[in-house]
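The structure appears right after this line, and notes come after that.
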Amino acid sequence: MDDAPQRYAPDSHLDGRTLLVAAAYVVLCRPGAEHHEVLLQLRRGTGYMDGHWATLAGHVDPGESVHEAAVREAAEEAGIDIDPADLVPLTVLHRFERGGPAVEQRVDVFFTATRWRGVPTVREVDKAAAMGWFPLDELPEPVVPHERLVLETLASGSPVPAVLSLPG
289 MDDAPQRYAP DSHLDGRTLL VAAAYVVLCR PGAEHHEVLL QLRRGTGYMD
339 GHWATLAGHV DPGESVHEAA VREAAEEAGI DIDPADLVPL TVLHRFERGG
389 PAVEQRVDVF FTATRWRGVP TVREVDKAAA MGWFPLDELP EPVVPHERLV
439 LETLASGSPV PAVLSLPG
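Here you go:
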């Protein structure tokens, strides 16, 4: 009997099952003149939603918690250090296609953060063309659609549901 730990191999067990892809999102917030502002970056060169504004985000790596992924992505993309204790859960967004292939679904975990160390700047120049602060109620165009949904829900002042589903 082999006592070696079993490793996850995404293609070895699918057989019609769903593969969940997890990602961590960090919505950096700061007080603005009239309303809170959020940090967004303009995507480029990624092959996904290039030309759209987006929060700090990325996939959860194997063996990594969603909190660790959020902290890592904030450091990689904006050069800032966030204490995991300063990540406040905002919502979980479950993305899927109705009637689509049962191969992949997305689980996006959104956090807000109002405390960090460092000054946010573009660190991955091959993946972001710009970075800036925007009033939460005056987002630039275009914003990655599923991120816009979360940001507009946050801006509405209504409680953000613990879990959202798209297409819902």
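For any residue, its number in my numbering is found by taking its place in the sequence shown, counting from 1, and adding 288. The beta carbon of each residue, even a glycine, is placed where N, CA and C say it ideally should be.
Report task. Quick one: which unbroken beta strand (DSSP E) runs of 3-plus residues sit fully inside the segment 330-396? Chain order, please. Result -> 344-347 and 376-383
Query raised in the report: Roughly how many angstroms lie between the CA atoms of Thr-409 and Ala-366, to the nearest whole one?
Result: In this structure, the CA atom of Thr-409 is about 5 Å from the CA atom of Ala-366.
Query raised in the report: Could you give the residue range of the alpha helix (DSSP H) that holds Pro-430?
Result: Here Pro-430 belongs to no alpha helix (DSSP H), and DSSP marks it neither H nor E.
Query - Integer-rounded CB distance, given that Glu-361 should sit under 8 Å from Ala-345 - result: 6 Å
Requested in this report: Mind reading off the beta-carbon distance from Trp-404 to Glu-325? Whole number of angstroms is fine, and I expect it under 8 Å.
Outcome: Incorrect: roughly 14 Å between the Cβ atoms, too far for contact.
Report task. Compare the Cα-Cα distances from Ala-401 to each of Leu-308, Ala-311, Val-309 and Arg-318 and report the closest residue. Result -> Arg-318
Query raised in the report: When the Cα of Arg-383 is compared with those of Gln-393, Leu-307 and Leu-437, which residue comes out closest?
Result: Gln-393
Query raised in the report: Taking just the CA atoms, how far does Val-407 sit from Ala-342?
Result: 18 Å
Requested in this report: Find out if the Cβ-Cβ distance for the pair Val-397, Val-354 is shorter than 7 Å.
Outcome: yes
Query raised in the report: Where does Ala-450 fall in DSSP's three states?
Result: coil
Query raised in the report: Any idea if Val-413 is buried or exposed, counting beta-carbon neighbours within 10 angstroms, 16 or more meaning buried?
Result: Exposed, because fewer than 16 other Cβ atoms sit within 10 Å of the Cβ of Val-413.
Query raised in the report: For His-347 versus Ala-311, is the C-beta spacing smaller than 7 Å?
Result: Yes, they are a contact pair.
Requested in this report: Compute the distance between the beta-carbons of Ala-363 and Leu-375, then report whether it is under 7 Å.
Outcome: no
Report task. Can you give me the Cβ contacts of Pro-449 inside the same chain, cut-off strictly under 8 Å, excluding the 5 residues immediately before and after it? Result -> Thr-379 and Thr-441
Query raised in the report: Closest by CA to Ile-368, which one among Val-315, Pro-377, Leu-452 and Ala-417?
Result: Val-315
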